[in-house]
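Numbering (the numbering used here), first residue to last: 975 to 1197.
Note that the Cβ used here is the ideal one computed from N, Cα and C, for glycine as well.
Structure first, then comments.
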């Protein structure tokens, strides 16, 4: 039986009621990280409290249809890919046995948010929250510094320096359960590191999840 939703990748009507926004055929062709769905902050002798997990959950490589749809979210003015990608990120989190208490997206600076119209990390977080039945606290973390794009930093150290003081807590969160920090892509981990370091002040476990990263991707020659 066809559902009312269309696959966001091939646009065909879906038969899957569990994942209505991606068909089984397209799902099977996504660039899953088969060996390990974990990446890490690239350390520059920087430290994090013990209650911040240095391993980042990451279900996909940043290539193919995943890359295309994340770019659509970031620069194409459409948040609809989050409908398919957010639940897949949630599945990766749940497979690790992590039951988050609250979900926090990495925030954009207000100027960049105004330019894009929405925060792609917040849209992904909303879908994780819906799938996992957990509250999303987009108000908990604020980006106080407008930093240049990470791609413009000359080196890894420069990327960390750019964002190290970019975030602040803007509220409180009761409880002692895990805070799930959400972003779209991990390159060096500088942005996630800076955000996780601030969330660590809540004195509760912090676990980060991203949709995609090319960290540890095997090098395969083009054919």
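Looking at the structure shown, is residue i part of a helix, part of a strand, or coil, going by DSSP?
i            : result
residue 1189 : coil
residue 1172 : helix
residue 1155 : strand
residue 1049 : helix
residue 1134 : helix
residue 1072 : coil
residue 999  : helix
residue 1178 : coil
residue 1014 : strand
residue 1067 : helix
Here's the rule: buried if 16 or more other CB atoms are within 10 angstroms of the residue's CB, otherwise exposed. What is residue i?
i            : result
residue 1019 : At residue 1019 the pLDDT is 47, less than 50, meaning the model places this residue with poor confidence; the figure from the coordinates comes in the next sentence. Counting Cβ neighbours within 10 Å, residue 1019 comes out exposed, since fewer than 16 surround it.
residue 1114 : buried
residue 1088 : exposed
residue 1043 : buried
residue 988  : buried
residue 1187 : buried
residue 1049 : exposed
residue 1177 : exposed
residue 1131 : exposed
residue 1152 : buried
residue 975  : Reliability fails at residue 975, whose pLDDT of 48 lies under 50, so the model's placement of it is uncertain and the value that follows must be treated cautiously. Label assigned to residue 975: exposed.
residue 1158 : buried
Determine, using beta carbons only, whether residue i and residue j come nearer to each other than 8 Å.
i            : j            : result
residue 1185 : residue 1106 : no
residue 1079 : residue 1099 : yes
Any contact between the segment 992-1006 and the segment 1145-1153? By contact I mean 3 or more CB pairs, one from each, below 8 Å. no
Taking one C-beta from the segment 1134-1142 and one from the segment 1179-1186 each time, how about it: are there three or more such pairs within less than 8 Å? no
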